[in-house]
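All residue numbers for the sequence shown refer to this note's numbering, where the first residue is 2 and numbers rise by one. All C-beta atoms in this analysis are idealised placements derived from N, C-alpha and C, irrespective of residue type, glycine included. Treat the numbers as computed from the prediction; the structure is a model and nothing was measured. Note sheet for the following structure.
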Amino acid sequence: MERTFNITWLILIGLTILSAVFANLDLANVALIILALSFLKFIGVAFFFMELKKANAFWKVLLVAFLGLLLVVVWAI
């Protein structure tokens with residue numbers, strides 16, 4: 002179990018570093034890329050560290066739908 006925690010933690014750190022790298026690039030859709038990476042990090046934390054993967058399917062769908070709506074609203078602004 003500890004190995005899985007470490008792997009997940011390293012992936013989250015890697016995604017954070019990747020977000021920082023993209024933030025310093027001069028690309029057209031960099032905000033969308035950073036939002037997508039944030040989506041992946043949020044899903045990783047919610048499903049693994051908050052143990053949402055053991056929850057009812059309703060809560061899983063609700064969380065992903067809310068996060069998707071949130072990202073669309075933030076991206077549209």
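Neighbourhood of residue i by C-beta, 8 Å cutoff - its chain only, sequence neighbours within 5 removed
i	result
A24	V31, I35
L53	A47, W60, K61, L64
L28	I34
Close Cβ partners of residue i (< 7 Å) along its chain, the five nearest in sequence each way excluded
i	result
F43	L68
L1	Residue 1 is absent from the model: the chain starts at 2 and stops at 78.
L72	L36, F40
Cβ neighbours of residue i in the same chain (closer than 6 Å, five flanking residues each side left out)
i	result
A58	none
S20	I35, L38
Residue from the options with nearest C-alpha to residue i
i	options	result
F13	M2, E3, L33, F49	The amino acid occupying residue 13 in the given sequence is Leu; Phe does not appear at that position. Comparing Cα positions, the closest option is F49.
V75	M51, L33, T9	L33
Quick check on the DSSP output: what are the complete alpha helix (DSSP H) runs of length 4 or more inside the region 27-78, in order along the chain? You should have 31-45, 58-77.
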